[in-house]
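Just below is one structure, and these are the notes that go with it.
Chains as they are written, first to last, in the working numbering: chain A, 47 to 401; chain B, 147 to 412.
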């Protein structure tokens, strides 16, 4: 049985705007699910409904098969880490962490033991008697984590826990967070707008847009087989091209305007969106015929790869991440090949967010 | 090298003049209250405490009554103002915004107008001390509602309450352990302001009082208008002895809560 089930969840705001529009998800026990999407896509509202901080307009929420749709947050036993941590300023770090346990009237010596071990686990034992306003952002984040874990929740909900930190600290904490979540083995729902956070942390990713879940799958599938152009463009840099299918069955081709590429399967539509990841473009070897030719407008050495930005004959912009042995410079005319089987062709109707 | 020394001199002179303008009459008044017979010189006829005795015997009831009214008003202000401030910050509705403006109205409307309105609508209560007390609640309520609402907004109380709820705290527990401790300073500051304001309120009180419900400021007015200047001075001194410490406490608490607000971003 799934640990968390969301059934046709809808949240309508004032004026009839649907912040969350028919979201259904099943999250297994111990799974880490990432809700990712641009701001305003409904990911935070969905999370808040799971926590009980927001009342759904319609739909159901089940925890282990039990309907909790209208249960108040204090009865759900869900650990929630807030974006701005929301630490109690009138309490010390230790009191913050102990809060949930004192509410449950746990014996004082047990509370003390638990708080000590959690502060130790988070590496902040030395901060026990400080006040939140004396802590750095990263320290506050750890306290918020410890506080949410103290109540031994079965479900952990995280609302952009890294977004309030500066970039460098965020990178460090992301690695730490990945290890922490792995150790905890809690059913976790993690909201972020940062696709690299989503790729690194989740077992599955639900990509949201305009209140709906556009695709929910493993990071690998989301990246390699995006359901549509929106997912492809949101997760990682990509080449999104418009094309027309031409030719006879058996020798189908897609016409991209500046070039024609052979198809291995029938996409089932004439108007299509073609998705090619930058790393799936390679330089042609001598003697090979290129899939496309571009005029290089930028060549940036990234270390592992060289990012080449160029224009095809009809001014279409193409991005390619080439091996670092490639010696390409601005103004060069280069031929590129698509790695076999790495071109995704989607029916046009799937591409509302084409850019 | 500082160039603006002449500017400093100007600022200091203005400061001293303003202070003198405000403080000298008060000091003279205090000195006069100990004068046996205040003519051209203060103590030509000697020093006495008899005016204090006179004030205590004849106007002691106004002091006791003022304290009673002020305490009643403050208790009512806190009981009404804190939940009101909480409700105001919790709701985004336009009506709540309007309500907030309405609560602040008595600050802008003269006390006399409030008094006349009360007389017209609640004349049947005229003889009761409660009538005056309610008037004081009306004019002092904004002094509690405003700082409480402001503190609730700055302290991100909504997020704190949500955090407490997710940790298992019921509504009552959240109020007692999260909301209240974070606005305690604002409640105290507002309550002291209201206490001071009620003690010194004249405009409204002057229209509503009866001989049996005379407050300190009204008594003071009466003594200055119809009795010896030394008696008025003694009365003023007693008045100041009661209200000045309150004012200082308000100042001190105000400074403290500003400091806390600055250091205490959530």
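Backbone N, C-alpha and C define an ideal beta-carbon position, used for all residues, glycine too. What you are looking at is a predicted structure, and each value in this text was computed from that prediction instead of being measured.
Check, Outcome
"Neighbourhood of residue 318/A by C-beta distance below 7 angstroms, restricted to the same chain and skipping five residues each side", "289, 291, 300, 391, 392, 393, 394"
"Nearest residue (CA-CA) to residue 227/A, options 125/A, 158/A, 258/A, 214/A", "125/A"
"Rounded separation between residue 389/B and residue 370/B - CA only", "19 angstroms"
"Cutoff 7 angstroms: residue 314/B Cβ touching any chain A Cβ", "yes"
"Reference residue 128/A; option with closest CA among 349/A, 261/A, 186/A", "186/A"
"Residue 73/A beta carbon less than 7 angstroms from that of residue 79/A", "yes"
"Option in 323/B, 361/B, 385/B with minimal Cα separation from residue 149/A", "323/B"
"Chain B within 7 angstroms of residue 149/A, Cβ atoms only", "yes"
"Beta-carbon gap between residue 279/B and residue 209/B smaller than 7 angstroms", "no"
"Contact set for residue 375/A: own chain, Cβ-Cβ below 6 angstroms, skip 5 residues either direction", "345"
"Buried versus exposed, by CB contacts within 10 Å (16 or more), residue 151/B", "exposed"
"Simplified DSSP state of residue 359/A, which is helix, strand or coil", "coil"
"Option in 325/A, 363/A, 388/A with minimal Cα separation from residue 350/A", "325/A"
"Close-in-space but distant-in-sequence residues of the same chain around residue 248/A (CB under 7 angstroms, 5 per side omitted)", "78, 79, 80, 236, 265"
"Distance, residue 55/A Cα to residue 339/A Cα", "48 angstroms"
"CA-to-CA distance, residue 365/A to residue 400/A, given in whole angstroms", "Reliability fails at residue 400/A, whose pLDDT of 37 lies under 50, so the model's placement of it is uncertain and no value is given."
"CB contact check: residue 150/B to chain A, cutoff 7 angstroms", "no"
"Candidates 342/A, 97/A, 105/A, 130/A, of which the one nearest residue 122/A by Cα", "97/A"
"Partners in chain B for residue 157/A, counting only beta-carbon separations shorter than 9 angstroms", "The contacting residues do not exist; residue 157/A stays about 13 angstroms from chain B at best."
"Per-residue DSSP class, three states only, for residue 381/B", "helix"
"C-alpha distance - residue 172/B paired with residue 249/B, whole-angstrom precision", "34 angstroms"
"Residue 335/B to residue 397/B span [Cα, whole Å]", "9 angstroms"
"Contact set for residue 282/B: own chain, Cβ-Cβ below 8 angstroms, skip 5 residues either direction", "215, 216, 218, 219, 344, 347, 350, 351"
"C-alpha gap between residue 286/A and residue 315/B, whole angstroms", "50 angstroms"
"Distance between residue 381/B and residue 201/B (C-alpha atoms, nearest Å)", "6 angstroms"
"8 angstroms CB neighbourhood of residue 256/B in its chain, flanking five on each side removed", "349"
"Distance between residue 209/A and residue 88/A (C-alpha atoms, nearest Å)", "17 angstroms"
"Close-in-space but distant-in-sequence residues of the same chain around residue 384/A (CB under 7 angstroms, 5 per side omitted)", "307, 322, 326, 327, 337"
"Residue range of the alpha helix (DSSP H) that includes residue 349/B", "349-354"
"Residues of its chain near residue 332/B, where Cβ-Cβ distance is below 6 angstroms and the 5 sequence neighbours each way are ignored", "293, 294, 297"
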